[in-house]
Amino acid sequence: MQDKPENNRRRTIVNVSALYIVSLWPFLNFMDHNWGVMTGRILGYGHTVFAVCFLLAALLGGIFYKIGFARWCFVFCVLVPTVFLYGVLFSRLDPLLQAYAGYEYNGSERYNVNHAVDAVYGFLFLLAGLGAFRLSRVKDSHQLALVLALALAVLPASGIAGKLLHQGDNDNVQVAFATDKDFVKKPNVYLIAMDGYPRGDVIKDVFDYDNDVFLNQLEGYGFHVLKKAQANYPNTHLSMASTLQAAYLDRNSNPLFSAKWHAIVTGENASVRYFKDQGYAFALMESGIYALTKCVGLEDMCLSSPQFSLSEHEYALLRQTPWAFLKRLLPIKVYLTETGANLGKLRTHLSAKKPVQPFFLFAHTVPPHAPYAYNRDCSVKAQFDHGYAEALSGQGPAFFQGYLDNIICANKQGLEFAEYVTKNDPEAIVVLFSDHGSHFTMDWQSSTWNDRNIRERFSTLVAIRAPEACQQHLYDGMSNVNIMRFVFACLTDTAPDYLEDKSYYSSYVPDTPYYGEIITLEELKEEAASTVPDIVE
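For reference, each letter of the sequence shown is one residue, going 45 to 581 in this note's numbering.
Rendered as structure tokens:
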């Protein structure tokens, strides 16, 4: 006995609605945990998944007309969550396989899928597909699909709703320094972040590499290199936000990467506001890899790479799917990333088209940070991958060598940029700084960081080229929070109103001590053990 046409229509509408909700579920879940980050692009991916599944269901329904479009929609309602649960399965099985089956990962292969996980996932995926196909025959299966969809969506949807209701509660941009004085002169100002570049003494200690040649040459171009410079935070978004705000962050605020920190770093900050009040244009060079510094329209000029690349957040989504397994099956290596912004690309941008003058330029360059794309001569490595998650914890030889190679490449590009700006913009104030140091003696999983771990992570490069009259206000132990205070004092011809140099700890790695918290280094040291982790070379 065949169903009435109105029942078929109802079943089709319900199954399509369920498929729509299920297709958006993984992306809603991402948005709930990364509120405000690339929202439009992430939602676009969800609608793309829905469109692909809808078209496949229509195609299969046309080919296998006895099964029908509605039943194929039900099958996809089950398969879509199964695809995005791959990362959860891998994270649960991988440690067990390492412990009991003898599997080990080294270097860049740490996250490669082994055959055991492939087999388990393949079996579960097949089981889910066959089960969904059989259930689709049940008369009220469309109701089951809707219940499944709503059950998946209720948690992220409620989380997003709560954030929408309280989004006005976020702190407004606070100006923590005097902005009532006009600039005496208006040179261009370059604030260039070299992500993860360690201080010279740390490079010698950790990498056994003498960086004095580079630093001495930099001084030859008029830069003052601070010998004991330090970061205020061990992670990029907090460090850059406090640098641009020229203030310490509220310890009660959520330190995890969110739209709040993204907005501050990309232009909604006290420094950019002061510059604009003084008639400056704001130029932003995005990293090309990391979402934190992606241009969003707050800038007057965006310096970006024309190449397509995925951010670390999109890679996090991709790692929830069997992408790694599929990539292994392909006859060629596929990398969905570019090399990222660097000082060479910045020089190319400025040579082609300078921002309206005077300008304040904030650039987020990637080397020496992952993905370790360069050889020492700055030629691009034959094979490199994004490696974001691996690089956070990777301490093997491949990571160690890649980091050092990219330090040396950054040195080469740094000297070329110093020569360029000396010739083409000799009156400019130029700041080369790093947001934090390297990570080879410390462990995010441990709450017992000792002095050596802290020194490696918090010791940074700070080199400033400014008028000689201003350089008397520089001191070797200056931290990042005082960089812009120095710059504005130089521009207004006044003494800097420096803050006390302090550093705070916060982990952005899930399931680690102090994840989502901000504590002082003194509090961290209270739990520190006496054992120093070995450096893997």
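Every residue gets a Cβ at the ideal spot worked out from N, C-alpha and C, and that includes glycine. Note that the coordinates shown come from a computational prediction; the quantities given were computed from them, not determined experimentally.
Other residues of its chain near residue i: CB distance less than 8 Å, five sequence neighbours each side excluded
i              : result
glutamate 460  : Leu387, Gly388 and Arg391
threonine 536  : Lys225, Asp226, Phe227 and Val228
valine 424     : Thr383, Ala417 and Tyr418
isoleucine 204 : Leu72, Met75, Asp76 and Trp79
Cβ separation of residue i and residue j, assumed to be a contact under 8 Å, to the nearest whole Å
i                 : j              : result
cysteine 453      : asparagine 494 : Actually they do not touch by this definition, with Cβ atoms about 31 Å apart.
alanine 407       : isoleucine 563 : About 30 Å; that fails the 8 Å criterion.
glycine 311       : leucine 328    : 7 Å
alanine 62        : leucine 190    : 5 Å
valine 475        : valine 531     : 7 Å
alanine 114       : arginine 55    : 5 Å
isoleucine 473    : valine 233     : 5 Å
phenylalanine 404 : valine 316     : 7 Å
DSSP three-state assignment for residue i, whether helix, strand or coil
i                 : result
methionine 522    : coil
cysteine 346      : strand
phenylalanine 404 : strand
isoleucine 563    : strand
lysine 569        : helix
alanine 220       : coil
arginine 115      : helix
phenylalanine 120 : helix
alanine 197       : helix
valine 269        : strand
glycine 431       : Its pLDDT being 44, under 50, glycine 431 is placed unreliably in this model, and the coordinates cannot settle the point.
alanine 163       : helix
leucine 209       : helix
tyrosine 418      : strand
alanine 327       : strand
valine 58         : helix
leucine 63        : helix
proline 411       : coil
glutamate 312     : coil
phenylalanine 169 : helix
arginine 529      : helix
alanine 145       : Caution applies to alanine 145, whose pLDDT of 46 falls short of 50 and renders its modelled position unreliable; the model cannot decide the point.
isoleucine 579    : Residue confidence for isoleucine 579 is low, a pLDDT of 36 falling below 50, so the modelled location carries little weight and cannot support an answer.
serine 202        : helix
aspartate 449     : helix
phenylalanine 108 : coil
glutamate 153     : Low confidence applies to glutamate 153: its pLDDT is 43, below 50, so where it sits in the model is not reliable, and the reading given next is rough at best. Residue state, collapsed to three classes: helix.
valine 553        : coil
tryptophan 493    : coil
Proximity winner among the options, relative to residue i (alpha-carbon distances)
i              : options                           : result
cysteine 117   : Leu99, Ala325, Val127 and Asn73   : Leu99
glutamine 289  : Gln274, Leu300 and Ala307         : Ala307
proline 242    : Val506, Phe532, Tyr548 and Ile562 : Val506
serine 482     : Ala291, His517 and Val250         : Val250
lysine 467     : Leu394, Ala417, Ser348 and Ala513 : Leu394
glutamate 566  : Lys546, Thr287, Phe134 and Leu208 : Lys546
methionine 238 : Ser283, Phe319 and Gly521         : Ser283
leucine 568    : Ile498, Gln516 and Asp555         : Ile498
alanine 510    : Pro299, His91, Glu263 and Ala193  : Glu263
glutamine 274  : Glu544, Asn524, Val531 and Phe532 : Asn524
alanine 533    : Tyr548, Cys514, Ala462 and Gly521 : Cys514
tyrosine 464   : Leu362, Tyr549, Gly266 and Val340 : Gly266
leucine 361    : Gly131, Asn59 and Pro540          : Gly131
6 Å CB neighbourhood of residue i in its chain, flanking five on each side removed
i                 : result
alanine 435       : Per-residue confidence for alanine 435 stands at a pLDDT of 41, beneath the threshold of 50, marking its modelled position as unreliable; the derived number appears in the next sentence. These residues qualify, in order along the chain: Ala414.
serine 551        : Trp488, Tyr558 and Tyr559
asparagine 52     : none
valine 122        : Ala172 and Ala176
phenylalanine 134 : Val161
Same chain, Cβ closer than 7 Å to residue i, neighbours up to 5 away in sequence not counted
i             : result
aspartate 256 : Gly244
tyrosine 253  : Ile247 and Leu448
tyrosine 542  : Asn526 and Arg529
serine 437    : Confidence at serine 437 is low in this model, with a pLDDT of 43, below 50, so its placement is unreliable and the value that follows should be read with caution. Here the set comprises Trp488.
glutamate 471 : Pro231
tyrosine 64   : Phe94
proline 412   : Gly240, Tyr241, Tyr447, Asn450, Ile451 and Ala454
Per DSSP, cross-strand counterpart(s) of residue i
i                 : result
leucine 235       : Phe406 and Val475
proline 645       : In the structure as shown, the chain starts at 45 and stops at 581, and residue 645 therefore has no counterpart that could be examined.
arginine 295      : Arginine 295 pairs with nothing; no bridge assigned.
arginine 509      : Val474
glutamine 274     : Ser503 and Ser523
phenylalanine 596 : Here the chain covers residues 45 to 581 and nothing more, so residue 596 does not appear.
tyrosine 548      : Thr564
valine 424        : Tyr418
Heavy atom of the ligand ZN within 7 Å of residue i beta-carbon
i             : result
glutamine 289 : As presented, the structure is devoid of all ligands, the ligand ZN included, so that no description of it is given.
Any chain D beta carbon closer than 8 Å to residue i
i              : result
isoleucine 333 : The structure shown contains no chain D, having only a single protein chain.
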